[in-house]
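> The sequence shown maps to residues 9 to 493 in this note's numbering. Positions of the beta carbon are idealized from the N, C-alpha and C atoms, including for glycine. These numbers come from a predicted model, not from an experiment.
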Amino acid sequence: MASASIESSTTERLESRIARATRGRSPALVRVEIAVSAWDPWRYLERACGGRGPWFAWSSRDGNQTFIAMGAVAHHEASGAEGWALSNRFCSDIREQSVAVGFEAHQTPSGTLPLVVGGLRFSTQESSEARTPWAGWSSGALWVPELVLMERGGEGVACLTQAWSEAQEVGDLADSARERARELERPPESGWLRHASRAPRRPSSEYEERVWSERVATALKAIDEGTMDKVVLARAARFSAGAGEIFDVPNTLRALRRDQPDCDVFAVGHPDGSVFLGASPEPLLETRGRRAQTVALAGTVGRAGASEEDEARVAQLLSSEKNGREHALVVDAIVEALEPLSDTLETAESAKVRTLTQVHHLETPIAATLASNVGPVDVLEGLHPTPATCGWPKEAASAWIERHEGLDRGWYAGPVGWLNDAGDSRFCVALRSALLRGDEAHAFSGAGLVTGSTPEGEWRETEMKLQAISQSLMTRPGLENEGGA
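Put into structure tokens, the structure is as follows:
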């Protein structure tokens, strides 16, 4: 962006455009889009981590969309039985009550930048666990960021959102946008791997494996008795940084983006300094207009080092009766959830193999044309949780997890993502994830249990999934006021 674009004459023209956009309306929010150079928005990760407000980071698995969102000008806490309905209303109200203008006279607002970001817990029920790392985290949060920086398809754009009232001077909004544009002319240098080191791997204990085996046996007994067809059992692994060290959030995210290229990499920063981040292989929902896409992702086998052996693993996965049955449950449940929300529904005839860094998964793409009165939040409510993260039937599996799992999943395996001005959205299932808080990290993974599952086999699967997040955990020297909370 040239410095000439922020001279006073441009500010006067911007003031005029804001006045025209708000005339005859009473918007609560005014958004100003600013064209910037196509540098990596994640250069601002260090600044986001040092702030006091919430922040959100995203890098799509196709590499076409990376953004960071900082601050909040409107915020919604999602909780209780009416959480979905209230979240839906919040998103609808925000879209109706905001206007967007281009910083430059020739710039037309794209309407594609994230307007609302956030996520929800796996379960809306508050945890009964006495010791939980999720202290301070709500059942869910959606908010409108003050600043979004995005790189998309080789172009950079920033969006400054400000609260507005009729009593406010339009010139004040224009001045704020001009000052922010000046700040964005020179992005900070990337802190990639500066003073960072990999966190040590924490070995599992015999006690943890024994407890896991007992829980798997309890679940398989319930499945044999017909209580449920499938349940997903999750566990957590705790990591500690070395003496005088804390977990390095920015470089952990950069390592995840490098190490897990076929995943959506995300981060949710809490005002208390803790951060939930991960690299999810599972898109939960992507909508463009009335078109919706999701995938059934279930059935897993570990990768092998040699190419011939790895090909044999793929063949093993495709021919496995146990994995095929587990995958079919997820496909059927997603179709059942989407049918009442859709005018048309398309499902791939057969599953294909999705290959990640540590594992192979069975994957079936599913697409729908949504009914005219259905929005993204309605679809999220219908889909979450899928049998890939909960089980089937949903009610029986959820009740079993609440009673027997012994883990506060928090936001793990919940929906995380964003919606834009046009009502389009993208949410992933928050898998391959960890909660970082100072010098402590809690990483999460799970495995689907069906008839034919074994405690040893499912334990190995969770270990492989934990490796996806644990190998990217980075630490750095910490300051005295940055210690574990």
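Out of S315, D447, T352 and T394, which has the shortest C-alpha to C-alpha gap to T363?
In the sequence shown, counting from the first residue as 1, residue 363 sits at position 355. That would be S315, whose Cα lies nearest to the Cα of T363.
> Is T365 closer than 9 Å to R311 when the C-beta atoms are compared?
Counting from one through the sequence shown, the residue named residue 311 turns up at place 303. Counting from one through the sequence shown, the residue named residue 365 turns up at place 357. Cβ distance < 9 Å, so R311 and T365 count as in contact.
> So V424 and F274 are supposed to be a Cβ contact under 8 Å. How far apart are they, rounded?
Indexing the sequence shown from 1 puts residue 424 at position 416. Indexing the sequence shown from 1 puts residue 274 at position 266. Indeed they touch by this definition, with Cβ atoms about 5 Å apart.
> Where does A493 land, buried or exposed, given buried means 16+ other C-beta within 10 angstroms?
Numbered from its first residue, the sequence shown carries residue 493 at position 485. For A493, the predicted model reports a pLDDT of 37, less than 50, meaning its position is unreliable; a value from the coordinates is still stated below. When all chains shown are included, A493 counts as exposed.
> I'd like to confirm the pairing. Which residues does DSSP put opposite Q170 in its beta bridges?
Taking the first residue of the sequence shown as 1, we reach residue 170 at position 162. Paired residues: V38.
> Please confirm if the region 77 to 84 is in contact with the region 222 to 229, defined as three or more CB-CB distances below 8 Å between the two stretches.
With a cut-off of 8 Å, the region 222 to 229 and the region 77 to 84 do not count as touching, because too few Cβ pairs lie within range.
> So what does DSSP say about H392, is it helix, strand or coil?
Start at 1 with the first residue of the sequence shown, and residue 392 comes out as number 384. Three-state result, H392: coil.
> If you draw a straight line from the alpha carbon of G491 to that of R445, how long is it in whole angstroms?
As a first step, residue 491 is located in the sequence shown; it is residue number 483 there, counting from the start. As a first step, residue 445 is located in the sequence shown; it is residue number 437 there, counting from the start. With a pLDDT of 43 at G491, under the threshold of 50, the predicted position of this residue should be treated as unreliable, though the coordinate-derived value follows. Between G491 and R445, the C-alpha separation is close to 8 Å.
> Quick one: what does DSSP say F98 is sitting in, helix, strand or coil?
The sequence position of residue 98 within the sequence shown is 90, counting from 1. Correct three-state label for F98: helix.
> Per the contact definition of three or more C-beta pairs closer than 8 Å, is the region 98 to 105 in contact with the region 299 to 310?
No, the region 299 to 310 does not touch the region 98 to 105.
> Cα separation between M158 and L427?
Counting from one through the sequence shown, the residue named residue 158 turns up at place 150. Counting from one through the sequence shown, the residue named residue 427 turns up at place 419. So the two alpha carbons sit approximately 14 Å from each other.
> In three-state DSSP terms, what is R60?
Along the sequence shown, one-based indexing puts residue 60 at 52. Looking at R60 - three-state DSSP - the assignment turns out to be coil, as it is neither helix nor strand.
> Give the range of the beta strand (DSSP E) segment to which M236 is assigned.
Stepping through the sequence shown from its first residue, residue 236 is reached at position 228. It is not in any beta strand (DSSP E) - M236 carries neither H nor E in the DSSP assignment.
> When the Cα atoms are used, what is the spatial distance from D318 to E469?
On the sequence shown, residue 318 is found 310 positions in, with the first residue counted as 1. On the sequence shown, residue 469 is found 461 positions in, with the first residue counted as 1. Rounded to the nearest angstrom, the two C-alpha atoms are 16 Å apart.
> Determine the closest residue to A396 out of V109, L346, R129 and V339, with distance taken between C-alpha atoms.
Indexing the sequence shown from 1 puts residue 396 at position 388. Considering only alpha carbons, the answer is V339.
> Answer with buried or exposed for T459, where buried requires no fewer than 16 other C-beta atoms within 10 angstroms of its C-beta.
Indexing the sequence shown from 1 puts residue 459 at position 451. The residue is exposed, with fewer than 16 neighbouring Cβ atoms inside 10 Å.
> Look at the alpha carbon of L559 and the alpha carbon of A166, and state the distance between them as a whole number of angstroms.
Because the chain in this structure spans residues 9 to 493, residue 559 falls outside the shown range and cannot be described.
> Can you check DSSP and say which residues form a bridge with I76?
Numbered from its first residue, the sequence shown carries residue 76 at position 68. Partner(s): A65 and L157.
> Identify the residues that DSSP records as bridge partners of G164: which are they?
The residue you call residue 164 lines up with position 156 of the sequence shown. Paired residues: V44 and E159.
> Candidates W50, I374, E290 and F130: which alpha carbon is nearest E410's?
As a position in the sequence shown, residue 410 is number 402, starting the count at 1. Residue F130 is the option with its Cα nearest to E410.
> Report the rounded CA-to-CA distance for E112 versus S173, giving the unit in angstroms.
Position 104 of the sequence shown, counting from 1, holds the residue named residue 112. Position 165 of the sequence shown, counting from 1, holds the residue named residue 173. Cα to Cα, E112 sits roughly 23 Å from S173.
> Starting from the N-terminal side, write out each stretch of the alpha helix (DSSP H) that is 4 residues or longer and does not extend beyond the region 249 to 285.
DSSP runs (the alpha helix (DSSP H)) wholly in the region 249 to 285: 257 to 267.
> Report yes if the CB atom of E23 is closer than 9 Å to the CB atom of A182, and no otherwise.
Numbered from its first residue, the sequence shown carries residue 23 at position 15. Numbered from its first residue, the sequence shown carries residue 182 at position 174. Closer than 9 Å, so yes.
> Locate the beta strand (DSSP E) running through W50, then write down its first and last residues.
The sequence position of residue 50 within the sequence shown is 42, counting from 1. Taken as a continuous stretch (DSSP letters only), W50 belongs to no beta strand (DSSP E), as it is neither H nor E.
> Please work out which residues of its chain come closer than 7 Å, Cβ to Cβ, to A379, disregarding the five sequence neighbours upstream and downstream, and give them in chain order.
Sequence index remark: in the sequence shown, residue 379 carries index 371 (1-based). Contacts found: L349, S350 and D351.
> Let's test the definition: count the other Cβ atoms within 10 Å of the Cβ of S453 and tell me whether it reaches 16, buried, or not, exposed.
Numbered from its first residue, the sequence shown carries residue 453 at position 445. It counts as buried.
> Within the region 279 to 363, note down every full alpha helix (DSSP H) run reaching 4 residues or more, in order along the chain.
Whole alpha helix (DSSP H) segments, 4+ residues: 315 to 327 and 329 to 346.
> Alpha carbon to alpha carbon, how far is E197 from E329? Give it in angstroms, no decimals.
If you number the sequence shown from 1, residue 329 lands on position 321. If you number the sequence shown from 1, residue 197 lands on position 189. In a straight line, the C-alpha of E329 is about 51 Å away from that of E197.
> Buried or exposed for A10, going by 16 or more other Cβ atoms inside 10 Å?
Within the sequence shown, the letter at position 2 stands for residue 10. In this prediction, A10 has a pLDDT of 38, which is less than 50 and means its spatial position is unreliable; what the coordinates show is noted afterwards. The residue in question, A10, is exposed, as its Cβ has fewer than 16 Cβ neighbours within 10 Å.
> Can you look up P463 in the DSSP assignment and give me helix, strand or coil?
Residue numbering aside, residue 463 sits at position 455 when the sequence shown is read from its first letter. P463: helix per DSSP, three-state reduction.
> Let me make sure I understand the geometry here. Which of A149, G286 and W50 has the alpha-carbon closest to that of A82?
The residue labelled residue 82 in the question sits at position 74 within the sequence shown. It is A149.
> Can you have a look at G164 and say buried or exposed, based on whether 16 or more other CB atoms are within 10 angstroms of its CB?
Residue 164 sits at position 156 when you count from the first residue of the sequence shown. With 16 or more Cβ atoms within 10 Å of its Cβ, G164 is classed as buried.
> For T372, name the three-state secondary structure that DSSP assigns.
What you label residue 372 is simply residue 364 of the sequence shown in a count that begins at 1. If DSSP states are grouped into helix, strand and coil, T372 belongs with the strands.
> When DSSP builds the beta bridges, which residues end up paired with T483?
As a first step, residue 483 is located in the sequence shown; it is residue number 475 there, counting from the start. S205 and F255, per the DSSP bridge assignment.
> Kindly indicate which three-state DSSP category G110 falls into: helix, strand or coil?
Taking the first residue of the sequence shown as position 1, residue 110 is located at position 102. Strand at G110.
> In angstroms, rounded to a whole number, what distance separates the CA positions of P258 and D267?
Residue mapping note: residue 258 aligns to position 250 of the sequence shown, counting from 1. Residue mapping note: residue 267 aligns to position 259 of the sequence shown, counting from 1. Taking the straight line joining both Cα atoms gives about 14 Å.
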